[in-house]
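In what follows, a single structure is set out as structure tokens and then discussed.
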Amino acid sequence: MAEPVFKRILLKLSGESLMGSRDYGTDPERLRAVATSIKAIHDRGVEIAIVVGAGNIYRGMKGAAAGMDRATADYMGMLATVLNALPLQDALETQGVHTRVQSAIKVEEVAEPYIRRRAMRHLEKGRVVIFAAGTGNPFFTTDTAAALRAVEIHAEAILMAKNGVEGVYTADPREDPEAMLIPEITHMEALQRGLRVMDATALTLCMENRLPLHVFNMDDEQNIERIVSGERVGTLVK
Ligand code: UDP
């Protein structure tokens, strides 16, 4: 097998990617499958940090739309990411992968606080670090957390896991049958065309720091390994 092309990556897992066929929460089968894909690249020596979302449990925008104060709703969303980080940690440790969860909101009994240098040390020691609670700030998303943490820890790329789609398309493939997969695009063009890669704040941060993004379909469990082996999968944003 080819040498991994990355030494350190950041994997962004949306809440939905842990949901499987359920319509809420996490699916144990799905968690096992995700953990297996992560273990495969971990075994090849790639250092892996993960940012988890919470769309499978709660999104601040929904609370705000229902009349709740946006900041309060966003804090709920951030706490919900902790509820995804813990079962993911459990699934990885069940497969023998050592992990640490670091949270941007203090939940000291269940996770370490986010400390950048400590996170990097964990990675060097071969532990998978799961970043929970987004950036710790309302009005942001876990995509922004992924961009921010990736830049902070000097990850070489972000692997953006999607479900049901292969990457970035010219239009939403679930709505437009003419939508075409874009194999490669620059950050700037994706921003200008308003393509759904990640939100604009996150994408801007990646652009300014020249951080490449691999957007791929997580439903194919081999995809992470393919990307790490240097194969072209889904969409490369660089
Ligand atoms: N959130 C936040 N600040 C952050 C990250 C997340 O306020 O830095 C909140 C926000 O309400 C968001 C929710 O947490 O809707 C869940 O995150 P996200 O929607 O990004 O999850 P995903 O779409 O990746 O599942």
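Its first residue numbered 1, the sequence shown is counted upward by one per residue in full-length UniProt numbering.
All C-beta atoms in this analysis are idealised placements derived from N, C-alpha and C, irrespective of residue type, glycine included.
Which listed residue (the options) has its alpha carbon closest to that of residue i
{"i": "residue 151", "options": "192, 108, 213, 93", "result": "213"}
{"i": "residue 116", "options": "102, 230, 226", "result": "102"}
{"i": "residue 235", "options": "184, 193, 217, 189", "result": "184"}
{"i": "residue 87", "options": "31, 16, 2", "result": "31"}
{"i": "residue 240", "options": "20, 7, 8", "result": "Not covered by the structure: residue 240. The range shown for the chain is 1 to 238."}
{"i": "residue 24", "options": "136, 39, 59", "result": "59"}
{"i": "residue 26", "options": "107, 119, 84", "result": "84"}
{"i": "residue 123", "options": "149, 138, 107", "result": "149"}
{"i": "residue 13", "options": "132, 107, 52, 7", "result": "52"}
{"i": "residue 61", "options": "141, 96, 230", "result": "141"}
{"i": "residue 157", "options": "33, 49, 15", "result": "49"}
{"i": "residue 132", "options": "16, 89, 223", "result": "89"}
{"i": "residue 223", "options": "33, 205, 15", "result": "33"}
C-alpha distance - residue i paired with residue j, whole-angstrom precision
{"i": "residue 110", "j": "residue 166", "result": "35 Å"}
{"i": "residue 144", "j": "residue 56", "result": "18 Å"}
{"i": "residue 4", "j": "residue 68", "result": "46 Å"}
{"i": "residue 41", "j": "residue 71", "result": "37 Å"}
{"i": "residue 114", "j": "residue 104", "result": "5 Å"}
{"i": "residue 153", "j": "residue 177", "result": "39 Å"}
{"i": "residue 207", "j": "residue 238", "result": "8 Å"}
{"i": "residue 2", "j": "residue 65", "result": "48 Å"}
{"i": "residue 189", "j": "residue 63", "result": "32 Å"}
{"i": "residue 163", "j": "residue 221", "result": "11 Å"}
{"i": "residue 175", "j": "residue 29", "result": "28 Å"}
{"i": "residue 125", "j": "residue 18", "result": "26 Å"}
{"i": "residue 6", "j": "residue 155", "result": "9 Å"}
{"i": "residue 181", "j": "residue 209", "result": "25 Å"}
{"i": "residue 225", "j": "residue 231", "result": "9 Å"}
{"i": "residue 112", "j": "residue 192", "result": "38 Å"}
{"i": "residue 203", "j": "residue 194", "result": "11 Å"}
{"i": "residue 97", "j": "residue 11", "result": "16 Å"}
{"i": "residue 135", "j": "residue 201", "result": "12 Å"}
{"i": "residue 15", "j": "residue 172", "result": "19 Å"}
Residue i and residue j closer than 8 Å at C-beta
{"i": "residue 54", "j": "residue 35", "result": "no"}
{"i": "residue 170", "j": "residue 179", "result": "yes"}
{"i": "residue 130", "j": "residue 94", "result": "no"}
{"i": "residue 197", "j": "residue 228", "result": "no"}
{"i": "residue 215", "j": "residue 160", "result": "yes"}
{"i": "residue 9", "j": "residue 92", "result": "no"}
{"i": "residue 199", "j": "residue 139", "result": "no"}
{"i": "residue 107", "j": "residue 128", "result": "no"}
{"i": "residue 147", "j": "residue 211", "result": "yes"}
Opposing strand residues paired with residue i [DSSP bridges]
{"i": "residue 117", "result": "Looking at the DSSP assignment, residue 117 forms no beta bridge with any residue, so it has no partner."}
{"i": "residue 217", "result": "162"}
{"i": "residue 99", "result": "128"}
{"i": "residue 239", "result": "Missing from the structure shown is residue 239; the chain here goes from 1 to 238 and no further."}
{"i": "residue 157", "result": "9"}
{"i": "residue 150", "result": "Note: residue 150 sits in no beta bridge, so no partner."}
{"i": "residue 250", "result": "Nothing can be reported for residue 250: it is not among the residues displayed for the chain, which extend from 1 to 238."}
Stretch pair the segment 36-51 + the segment 66-78: three plus CB contacts closer than 8 Å: The answer is no - the segment 66-78 does not touch the segment 36-51, with fewer than three Cβ pairs under 8 Å.
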